[in-house]
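So for the sequence shown, our numbering puts the first residue at 4; every next one is plus one.
Glycine included, each C-beta is placed from N, C-alpha and C at the ideal position.
Comments concern the structure below.
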Amino acid sequence: TLLRAVAACAERDGRFEDALRAHGAVLAEDPSDGDALYGRARVHGWSDKWGIERRLLEEAIALAPDHPDIRKAVNTRDAYHAGACSSRTFGFETISRGGVSVWSSNSVVSSEACATAIELAEAHASATDGWTTARHFAVPTTDLPVHASPDLLKWFNACLKDAIFPAVAQVTGASSEKLRVIDAFVVRYDASKQKALPLHSDQSEYSITLPLNDRSQYEGGGTYFAALDEAVNCDTGGLVVFPGALYHAGAPTTKGRRYVIVAFLFEDRDQDELERRLDGA
């Protein structure tokens with residue numbers, strides 16, 4: 004009980020190494036302790052070690068298959084496409100200033116497909132508890148997680164395979180087959196409700212925004228980047244790609260309603276490749 008309290012306190016304070024030591028001490032006594040297995044994986048994710056988190060979740064589900072948090076995390080992780088992708092290429096504009104780059108394309112997913120995504124998201128929200136507002140503690144958005152709707156998830160996975168992962172790989176140099184989703188959600192901005200997001204960074208290697216509705220349906224919007232002192236937006240089905248650590252904000256939607264898919268991604272490199280990169284090879 005004391006070790007669990009130490010781990011929880013360390014997590015709240017952002018002392019991740021202390022939290023890992025506490026979880027490790029619990030696991031030394033009971034290697035199948037579900038809370039500690041889940042906590043150990045989760046802390047690695049919070050430390051931006053997403054590949055390690057995925058592997059620890061694999062170990063955790065084998066040792067504690069009935070633990071609800073582990074099961075939920077594994078199901079969410081496995082919901083999104085991973086593996087072979089199309090070889091399509093896209094036209095991108097690179098926006099750079101002071102060594103910082105953001106990439107924008109106006110044509111990645113068809114406008115018809117985007118309209119379908121909005122319909123699926125609204126239908127799911129109407130049939131369930133509606134749009135969520137408390138999933139992201141630090142920077143709350145009015146959103147709907149993609150994996151919550153089976154139909155929307157199927158749509159999004161097809162887009163990942165056919166367009167999104169190849170597009171992200173094209174501009175970042177990552178391998179499309181090794182790109183993984185940390186989180187993906189439909190955000191609904193509304194001039195009369197939540198119209199903007201404050202300046203923040205994401206827990207991701209790469210982040211994307213995919214506008215779903217036409218600019219004629221709203222005014223304002225886009226992603227404001229502090230380093231560029233500019234808001235970047237694109238047409239329906241376009242894509243904005245940027246490093247997750249880059250400080251950005253949701254520019255105010257001043258009229259109408261704006262729908263956009265946001266996804267947090269990382270490249271799941273194997274250990275040998277990680278070591279080669281760290282050694283400069």
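Tell me whether residue i sits in a helix, a strand or coil according to DSSP, three-state version.
| i | result |
| --- | --- |
| S179 | helix |
| T4 | coil |
| S129 | helix |
| D146 | strand |
| G27 | helix |
| F290 | In the structure displayed, the chain extends from 4 to 284; residue 290 sits before or after that span and is not available. |
| L277 | Caution applies to L277, whose pLDDT of 46 falls short of 50 and renders its modelled position unreliable; the value that the coordinates give is listed next. L277 falls in the helix class under three-state DSSP. |
| D33 | coil |
| A284 | Annotation note: pLDDT 44 at A284 (below 50); position unreliable, no value reported. |
| A187 | strand |
| T136 | coil |
| A22 | helix |
| G17 | coil |
| S114 | helix |
Following the continuous alpha helix (DSSP H) through residue i, name the residue where it begins and the one where it ends.
| i | result |
| --- | --- |
| G48 | 37–49 |
| A161 | 153–162 |
Is it the case that the CB of residue i approaches a heavy atom of the ligand HEM more closely than 7 angstroms?
| i | result |
| --- | --- |
| A151 | The ligand HEM is not part of the structure shown, which contains no ligands of any sort. |
What residue does the beta strand (DSSP E) around residue i start on, and which one ends it?
| i | result |
| --- | --- |
| V103 | 103–108 |
| S195 | Element bounds for S195: n/a, residue is neither H nor E. |
| R100 | 96–100 |
Using 8 angstroms as the limit for Cβ to Cβ distance, is residue i near chain B?
| i | result |
| --- | --- |
| A31 | In the structure shown, chain B does not exist; there is a single protein chain. |
Those runs of the alpha helix (DSSP H) which lie wholly inside the stretch 57–92 and span at least 4 residues: 71–82
Beta strand (DSSP E) runs wholly inside the stretch 199–264, at least 3 long, in chain order: 200–203, 209–214, 221–223, 226–228, 233–235, 242–246, 251–253
Cβ contact check for the stretch 174–185 and the stretch 112–130: 3 or more pairs under 8 angstroms: no
Inter-stretch contact (C-beta, 8 angstroms, three-pair minimum) for the stretch 153–166 and the stretch 74–84: yes
Any 3 or more C-beta pairs closer than 8 angstroms across the stretch 222–231 and the stretch 243–261: Cβ pair count under 8 angstroms is three or more, so yes.
Stretch-stretch touch, CB-based, cutoff 8 angstroms, three pairs: the stretch 149–157 with the stretch 14–34: no
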